[in-house]
Amino acid sequence: MSVCLSVSLNQVGSKVEFQCQQGHLLQGSTTRLCLSDLTWSGSQPTCIPHSCKQPKSPPNADVVGMELALYGYTLLYSCQPGFILSGGSEHRVCRSDGSWTGKVPICRGREVKSIVLYTMILMYVSN
1 MSVCLSVSLN
11 QVGSKVEFQC
21 QQGHLLQGST
31 TRLCLSDLTW
41 SGSQPTCIPH
51 SCKQPKSPPN
61 ADVVGMELAL
71 YGYTLLYSCQ
81 PGFILSGGSE
91 HRVCRSDGSW
101 TGKVPICRGR
111 EVKSIVLYTM
121 ILMYVSN
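Under full-length UniProt numbering, the first residue of the sequence shown carries the number 1, and numbering increases by one thereafter.
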């Protein structure tokens, strides 16, 4: 939390302004004044980390990091066996505005090429 002082703190009328670091939301009073009874106006502020909404886990994918959807945290996606990443992002980061970077990944089934097998039968005929 950042604190900006407009005058010295030991005087009636002193003003303190509070500001949170990027990725945090200020709860409480942003400005507090020193009152004539030598108490501070407003409520003590706290800085709460921004969080991103829990994204849905895409079909056929595994996600690491879903339990911590706070600012700066990264989700790691991987496709399950038999599937490959064909769109979206493998890594997504929670932004300070509560959104995720990148796009939800898409895991598609691998294409299996047909294999044609020929069977030969040899027959021996004796006279």
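For each residue, glycine too, the CB sits at the ideal point set by N, CA and C. Since the model is a prediction, treat every value here as computed from it, not as a measurement.
Tell me, which residues are paired with residue 51 by DSSP?
Residue 51 is bridged to 70.
Given a threshold of 16 other Cβ atoms within 10 Å of its Cβ, counted over all protein chains shown, does residue 59 qualify as buried or as exposed?
exposed
Would you check if the segment 41-49 and the segment 16-28 touch, i.e. whether three or more CB-CB distances between them fall below 8 Å?
yes
Straight-line Cα distance separating residue 40 from residue 79:
55 Å
Report the rounded CA-to-CA distance for residue 69 versus residue 17, giving the unit in angstroms.
Spanning the two alpha carbons is a distance of roughly 29 Å.
Under the DSSP definition of a beta bridge, which residues are partnered with residue 44?
Residue 44 pairs with nothing; no bridge assigned.
Could you tell me the boundaries of the beta strand (DSSP E) in which residue 92 lies?
91-93
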